[in-house]
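To get the numbering used here, take the position in the sequence shown, counting from 1, and add 144.
No residue lacks a Cβ here, since even glycine has one placed at the ideal position from N, Cα and C.
First up is the structure itself, then whatever we jot down about it.
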Amino acid sequence: MRKQIDLIWDICLQRYRSHQFSCLPNNLPIHLVRMANMGNWTYSKAFVLLYFAVMWPSPNVYGLSKQEVAHLKRRILEIKAKIDQAILRVVRARESLSQRLVFNPQHGCSDGYSYLAHTRLCYRAYNRRKNYDQALAICQTDGGTLAMPRDIATNDFLIELKNAANRNAFFFFGLDRRNGSWNYVDGGGLRYTDWGEREPNNYGGNEECADYFPATKSVEILRNKWNDERCSRLVGFICEAVGKCPELTAPTNGAMNGSNSYGDVVTFICNTGYNLVGSSTLTCLSSLAWSGNPPTCARCSDGYSYLAHTRLCYRAYNRRKNYDQALAICQTDGGTLAMPRDIATNDFLIELKNAANRNAFFFFGLDRKNGSWNYVDGGGLRYTDWGEREPSNHGGNEECADYFPATKNVEILRNKWNDERCSRLVGFICEAGKLRS
Numbered sequence: 145m146r147k148q149i150d151l152i153w154d155i156c157l158q159r160y161r162s163h164q165f166s167c168l169p170n171n172l173p174i175h176l177v178r179m180a181n182m183g184n185w186t187y188s189k190a191f192v193l194l195y196f197a198v199m200w201p202s203p204n205v206y207g208l209s210k211q212e213v214a215h216l217k218r219r220i221l222e223i224k225a226k227i228d229q230a231i232l233r234v235v236r237a238r239e240s241l242s243q244r245l246v247f248n249p250q251h252g253c254s255d256g257y258s259y260l261a262h263t264r265l266c267y268r269a270y271n272r273r274k275n276y277d278q279a280l281a282i283c284q285t286d287g288g289t290l291a292m293p294r295d296i297a298t299n300d301f302l303i304e305l306k307n308a309a310n311r312n313a314f315f316f317f318g319l320d321r322r323n324g325s326w327n328y329v330d331g332g333g334l335r336y337t338d339w340g341e342r343e344p345n346n347y348g349g350n351e352e353c354a355d356y357f358p359a360t361k362s363v364e365i366l367r368n369k370w371n372d373e374r375c376s377r378l379v380g381f382i383c384e385a386v387g388k389c390p391e392l393t394a395p396t397n398g399a400m401n402g403s404n405s406y407g408d409v410v411t412f413i414c415n416t417g418y419n420l421v422g423s424s425t426l427t428c429l430s431s432l433a434w435s436g437n438p439p440t441c442a443r444c445s446d447g448y449s450y451l452a453h454t455r456l457c458y459r460a461y462n463r464r465k466n467y468d469q470a471l472a473i474c475q476t477d478g479g480t481l482a483m484p485r486d487i488a489t490n491d492f493l494i495e496l497k498n499a500a501n502r503n504a505f506f507f508f509g510l511d512r513k514n515g516s517w518n519y520v521d522g523g524g525l526r527y528t529d530w531g532e533r534e535p536s537n538h539g540g541n542e543e544c545a546d547y548f549p550a551t552k553n554v555e556i557l558r559n560k561w562n563d564e565r566c567s568r569l570v571g572f573i574c575e576a577g578k579l580r581s
């Protein structure tokens, strides 16, 4: 049955193109009716032939009763409505896909190019008449090559671009058979194709390059399809180039290394005496945006040291002050008393104080003046490093915290936290967030 339908389909197609619409034998609709009654509508050629048989004027010539015709008309119209809805969904899905695939044409692409996230490449349709080799040379000058539609999504995108440039023109893309078989211009073989009917036909024996038929081609089924073409013919062309993230510049008082193509990683460093504020590396993502903001190179105020972990500057003052006096000096520096909220910060502060004076106590920004131990900015404690049996509130008035000296006679207390009288005169450690470029 299917062979018979295929044969009649070919006959009908030929006659339809020559405007001869009578092509169905009188007995064929009976077989189609049987298929319809069995609910077998999967064979699209059978459905189309049945549609012509039933919907064409005077269908009774095929031996169908009026009841059969009425029943089949209803079923055909129902199925046609479903097919129309399905086609509409596909069209809308493609439009939606196109909107998702296209980013800002200027973002990461050279002028005139548009970005396709699906391939992570930039494309441009040139409405300039060039032969295949001239077109390829222009694309290479742009840093790319002729466009290669390796799948339906890319093919649809290129069709949109060329039609936006000129709906009436042919456009070369990066496919040829100069080496005997059809391959992409980069040497890759074909897996996806969208040739027009009876293409490639090598008309004239010298059609070795591929282009798109115009969107206004007189033969509708050839519109926007692939066509084999003389490589010497002058037509439009479509280029592709690797998408790039926006150009970066090295930070002031620093340097960077790397490029801005998709997947590239750029590394940043700062000159001696300057600290990197931000990430030391950025990656060019598939969206052609960087993975973060570029860092800066800055330095702390004189006497302060930078800790990347907290992005703050710290200074241990080897000057004997009470807690409030120490806090006032830190505030004059644009900061406050240092707050060791984790082990990394705590270790850093210990290094600073010991470099200033290994034998001294040093206040930091922790007190219980409001009844419970809190940092000077009001934050509560999660990390602690109290010495053994501390805080002890010896004498009933130890409401501020300092570090034991590194030379404390009781070894297990060295560099540990201690509760202290706020009025005692000891060293202190400040923190400040202000950096200088």
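Cβ shell of residue i (< 8 Å), same chain only, five flanking positions each side left out
{"i": "Y418", "result": "N397, G398, C441, A442 and R443"}
{"i": "A308", "result": "A269"}
Sequence-distant residues of its chain with Cβ nearer than 6 Å to residue i (five each side left out)
{"i": "P344", "result": "D372"}
{"i": "R374", "result": "N350 and E351"}
{"i": "G288", "result": "C383, E384 and A385"}
{"i": "G479", "result": "C574, E575 and A576"}
{"i": "D355", "result": "F314, F315, F316, N371, E373 and V379"}
{"i": "L456", "result": "E575 and G577"}
{"i": "S449", "result": "Y458"}
{"i": "T425", "result": "V409 and T411"}
Residues of its chain near residue i, where Cβ-Cβ distance is below 7 Å and the 5 sequence neighbours each way are ignored
{"i": "N415", "result": "N397, G398 and C441"}
{"i": "D446", "result": "none"}
{"i": "A291", "result": "Y267, L302, F317, G318, I382, C383 and E384"}
Given residue i as reference, the closest of the options once Cα atoms are compared
{"i": "E391", "options": "A488, N346, Y406 and G571", "result": "Y406"}
{"i": "T263", "options": "A452, R322 and L429", "result": "L429"}
{"i": "E564", "options": "D511, G524 and A291", "result": "D511"}
{"i": "A545", "options": "V570, R311, R218 and A359", "result": "V570"}
{"i": "E532", "options": "L290, G340 and Y547", "result": "Y547"}
{"i": "S516", "options": "G318, Y461 and L525", "result": "L525"}
{"i": "R294", "options": "T528, L280, K274 and L265", "result": "L265"}
{"i": "C253", "options": "G387, I556, P484 and A291", "result": "G387"}
{"i": "I556", "options": "R367, E543, R485 and D529", "result": "D529"}
{"i": "N559", "options": "A394, V520, F505 and Q469", "result": "F505"}
{"i": "V421", "options": "G436, L432, S431 and T427", "result": "G436"}
{"i": "D286", "options": "G348, F357 and G256", "result": "G256"}
Per-residue burial, residue i [other beta carbons within 10 Å of its own, 16 or more giving buried]
{"i": "V409", "result": "exposed"}
{"i": "N204", "result": "Confidence in N204 is poor, its pLDDT being 46 and thus under 50, which makes the residue's placement unreliable; the coordinate value appears in the next sentence. The residue in question, N204, is exposed, as its Cβ has fewer than 16 Cβ neighbours within 10 Å."}
{"i": "A488", "result": "exposed"}
{"i": "N541", "result": "exposed"}
{"i": "R342", "result": "exposed"}
{"i": "N312", "result": "exposed"}
{"i": "Y467", "result": "buried"}
{"i": "F572", "result": "buried"}
{"i": "C567", "result": "Cys is not the amino acid found at residue 567; the sequence shown has Ser there. Exposed, by the Cβ-count rule."}
{"i": "D330", "result": "exposed"}
{"i": "S376", "result": "exposed"}
{"i": "N299", "result": "buried"}
{"i": "N503", "result": "exposed"}
{"i": "V363", "result": "exposed"}
{"i": "G509", "result": "buried"}
{"i": "L168", "result": "With a pLDDT of only 49 at L168, under 50, the local geometry of the prediction cannot be trusted, and the value read off the model is given with reservation. It is buried - the Cβ of L168 has at least 16 other Cβ atoms within 10 Å."}
{"i": "W561", "result": "buried"}
For residue i, the first and last residue of its enclosing alpha helix (DSSP H)
{"i": "F572", "result": "Note, F572: premise wrong, no alpha helix (DSSP H); beta strand (DSSP E) at V570 to A576."}
{"i": "L496", "result": "I487 to A500"}
{"i": "K361", "result": "Segment: none, K361 is in no alpha helix (DSSP H) and carries neither H nor E."}
{"i": "I473", "result": "Y467 to T476"}
Endpoints, beta strand (DSSP E) assigned at residue i
{"i": "C389", "result": "Counting along the chain, C389 falls outside any beta strand (DSSP E), and DSSP gives it neither H nor E."}
{"i": "L280", "result": "Segment Y276 to T285 is the alpha helix (DSSP H) holding L280; no beta strand (DSSP E) there."}
{"i": "D300", "result": "Premise fails: D300 lies in the alpha helix (DSSP H), I296 to A309, not in any beta strand (DSSP E)."}
{"i": "L426", "result": "T425 to T427"}
{"i": "D511", "result": "F506 to D511"}
{"i": "A550", "result": "Per DSSP, A550 belongs to no beta strand (DSSP E) and is neither H nor E."}
{"i": "M483", "result": "Element bounds for M483: n/a, residue is neither H nor E."}
{"i": "C566", "result": "From DSSP, C566 is part of no beta strand (DSSP E); its letter is neither H nor E."}
For residue i: DSSP bridge partner residues
{"i": "E373", "result": "C353"}
{"i": "W517", "result": "None, per the DSSP bridge assignment."}
{"i": "Y458", "result": "S449 and E575"}
{"i": "T440", "result": "V421"}
{"i": "W530", "result": "W561"}
{"i": "N312", "result": "Partner(s): none; N312 has no beta bridge."}
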